[in-house]
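All remarks here apply to the structure that follows.
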Amino acid sequence: MIGYGFMGAAHSVGWRQAPRMFDLPRAVEMTVVVGRNADAVASAAEKWGWAESATDWREVIGRDDIDIVDIVTPGDSHAEIAIAALEAGKHVLCEKPLANTVTEAEAMAEAAERARARGIRSMVGFTYRRVPAVTLLRDMIAEGAIGTVQQVRAAYRQDWLVDPDMPLAWRLQKEHAGSGALGDIGAHIIDMTQFVTGLGVDSVTGTLETIVKQRPLQAAGSGLSGSAGEGFGEVTVDDAAIFTGRLSNGALASFEATRFATGRKNALTIEVSGDRGALAFDLEDLNSLRFYDRTAPDGRQGFTRILVTEPQHPYVSAWWPAGHMLGYEHGFSHQVVDLVGAIDAGTDPHPSFDEGLRVQRVLDAVERSSSADAVWTGVASPVPAS
72 MIGYGFMGAA
82 HSVGWRQAPR
92 MFDLPRAVEM
102 TVVVGRNADA
112 VASAAEKWGW
122 AESATDWREV
132 IGRDDIDIVD
142 IVTPGDSHAE
152 IAIAALEAGK
162 HVLCEKPLAN
172 TVTEAEAMAE
182 AAERARARGI
192 RSMVGFTYRR
202 VPAVTLLRDM
212 IAEGAIGTVQ
222 QVRAAYRQDW
232 LVDPDMPLAW
242 RLQKEHAGSG
252 ALGDIGAHII
262 DMTQFVTGLG
272 VDSVTGTLET
282 IVKQRPLQAA
292 GSGLSGSAGE
302 GFGEVTVDDA
312 AIFTGRLSNG
322 ALASFEATRF
332 ATGRKNALTI
342 EVSGDRGALA
352 FDLEDLNSLR
362 FYDRTAPDGR
372 QGFTRILVTE
382 PQHPYVSAWW
392 PAGHMLGYEH
402 GFSHQVVDLV
412 GAIDAGTDPH
422 PSFDEGLRVQ
432 RVLDAVERSS
442 SADAVWTGVA
452 SPVPAS
């Protein structure tokens with residue numbers, strides 16, 4: 072695993088727990104975690120259960136005892152590491168968003184395609200797909216439970232930047248993060264919308280806003296917290312993104328991604344409306360799904376709560392008895408299960424780098440729309456091979 076911050080902790084839980092709770096087709100060994108600071112990464116290795124630590128990712132991906140490379144670094148290094156790992160014959164798991172630019176994401180998808188021909192697999196870490204209720208939502212739409220999708224409302228709202236004294240972390244610098252709320256959390260709701268509906272976002276109209284333009288320089292920090300040092304720096308990414316998308320069947324989708332929603336800590340919600348019913352999910356109630364059946368008798372209609380903890384629900388059978396809740400961390404174990412299973416079966420895991428590229432193109436279209444006074448902007452598609 073390359074990187075050891077907030078996502079490094081979450082991914083480590085996944086790698087550690089998945090082999091203990093699921094019958095994986097291959098054994099998994101947490102061999103080495105890589106970071107720039109030798110002392111800090113050694114401490115992370117001991118805390119999270121990695122056998123050793125290192126500071127040179129290039130040397131590590133060249134080792135014969137490494138089969139999978141898990142990338143949890145900031146977005147500005149995803150392309151370089153992923154392409155090098157794929158070319159070295161390593162399977163790759165890369166955190167979202169896939170890259171900081173469409174150009175980088177295209178290069179990564181092309182490298183993944185070349186590697187696929189040699190049996191090397193790659194996957195993007197859109198982990199919320201693997202919350203059992205979200206997977207069930209997808210399955211129910213595919214089964215026709217709500218009929219034809221007519222409208223989607225998706226939002227991801229946080230408030231960790233409301234305080235103007237919050238220091239200038241790497242997530243607030245375009246050269247490291249690529250974009251702000253748009254790419255960091257907006258990428259999740261774009262992917263989730265496309266995943267659960269099976270429809271692409273074909274065009275968008277949107278607006279980006281940076282609410283606090285300057286922040287104290289960061290002296291130290293980890294994850295979503297930090298301490299301020301001397302001086303101020305410019306925030307070069309968006310704080311909030313609000314946009315509308317046209318799906319491939321003509322339906323409309325509304326999206327809101329913000330880190331300035333006061334009182335909202337990690338509120339990812341999605342509601343999909345169809346001509347036969349509707350489904351709604353809220354990450355802050357992640358063991359539940361709300362279902363409205365429009366075909367029920369008039370006097371019996373209303374949203375009903377499905378508690379997604381039964382053994383027949385996606386992923387749940389490996390965990391606890393019905394009603395014993397799962398949490399945020401379980402999605403990372405499910406991610407490991409799906410990746411290792413695909414590698415063993417010789418199949419392509421999802422979401423693929425191609426799917427990550429598709430999300431990157433939507434992000435780019437939103438930025439272009441915002442720069443052009445929110446004009447409707449098409450999501451660019453790859454040029455067909457001649």
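Letter by letter, the sequence shown follows residues 72 to 457 in this note's numbering. In this text, a Cβ means the ideal position worked out from N, Cα and C, and glycines have one as well. Please read all numbers here as calculations on a predicted model, not as lab measurements.
- In the structure shown, the three-state DSSP call for PRO90 is helix.
- It is roughly 25 Å from the alpha-carbon of GLY74 to the alpha-carbon of PHE93.
- Three or more Cβ pairs closer than 8 Å define a contact, and the stretch 310-328 meets that threshold against the stretch 430-441.
- Contact between the stretch 356-365 and the stretch 223-238 is absent: fewer than 3 CB-CB pairs across the two stretches fall below 8 Å.
- The straight-line gap separating the alpha-carbon atoms of TYR386 and ILE154 is approximately 31 Å.
- Taking 8 Å as the upper bound for CB-CB distance, ASN320 and VAL220 are in contact here, some 6 Å apart.
- Here TYR199 carries a helix assignment [DSSP, helix/strand/coil].
- For the options THR198, GLY190, HIS149, the alpha carbon positioned closest to that of HIS82 is the one of THR198.
- One thing to note: THR102 has its Cβ within 9 Å of the Cβ of TRP121.
- Taking a cut-off of 8 Å for Cβ pairs, the stretch 83-92 and the stretch 405-420 touch, as three or more such pairs fall below it.
- Taking a cut-off of 8 Å for Cβ pairs, the stretch 373-393 and the stretch 190-205 touch, as three or more such pairs fall below it.
- Put simply, of SER193, GLU175, ARG242 the residue whose alpha carbon is nearest the alpha carbon of ALA183 is SER193.
- For the 9 Å CB-CB criterion, ALA248 and GLY146 form a contact.
- Residue pairing by DSSP places SER359 opposite LEU378 in a beta bridge.
- Contact check for VAL104 against GLY79 passes: the beta carbons are separated by less than 9 Å.
- Here DSSP, grouped into helix, strand and coil, assigns VAL411 to helix.
- Looking at the DSSP output, SER344 sits in a beta bridge with GLN222, ALA349.
- With 16 or more other Cβ atoms inside 10 Å of its own Cβ, PHE266 counts as buried.
- Apart from sequence neighbours up to five positions away, the residues of its chain that approach GLU327 with a beta-carbon distance below 6 Å are ALA226, ILE313, ordered along the chain.
- One thing to note: LYS161 has its Cβ within 9 Å of the Cβ of ILE132.
- In the DSSP assignment, HIS162 falls within the unbroken beta strand (DSSP E) covering 162-166.
- If you look at LEU157, you'll find it in the alpha helix (DSSP H) that goes 149-158.
- In the displayed model, GLN406 falls within a helix according to three-state DSSP.
- The three-state reading of DSSP puts ARG317 in strand, counting E and B together.
- Distances from the alpha-carbon of HIS395 to those of ILE261, ALA389, THR380 put THR380 closest.
- Between the C-alpha atoms of PHE331 and ARG228 there is a straight-line separation of about 7 Å.
- Each of PHE77, GLY427, PRO422 was checked against the Cα of MET179, and the nearest Cα belongs to GLY427.
- Take the alpha-carbon of ALA445 and the one of ASP353: they are about 28 Å apart.
- Counting along the chain, the unbroken alpha helix (DSSP H) around THR174 starts and ends at 173-187.
- The bridge partners DSSP lists for VAL430 come to none.
- By the neighbour-count criterion, in which a residue is buried when 16 or more other Cβ atoms sit within 10 angstroms of its Cβ, THR418 is exposed.
- The Cβ-Cβ distance between ALA322 and VAL223 falls below 9 Å.
- In this structure, the CA atom of ILE261 is about 8 Å from the CA atom of VAL272.
- Rounded to the nearest whole angstrom, the CA to CA distance from SER442 to LEU164 is 32 Å.
- Taking SER124 as the centre and dropping the five residues before and after it, the same chain places the C-beta of VAL104, VAL112, ALA113, ALA116 closer than 6 Å to its C-beta, in chain order.
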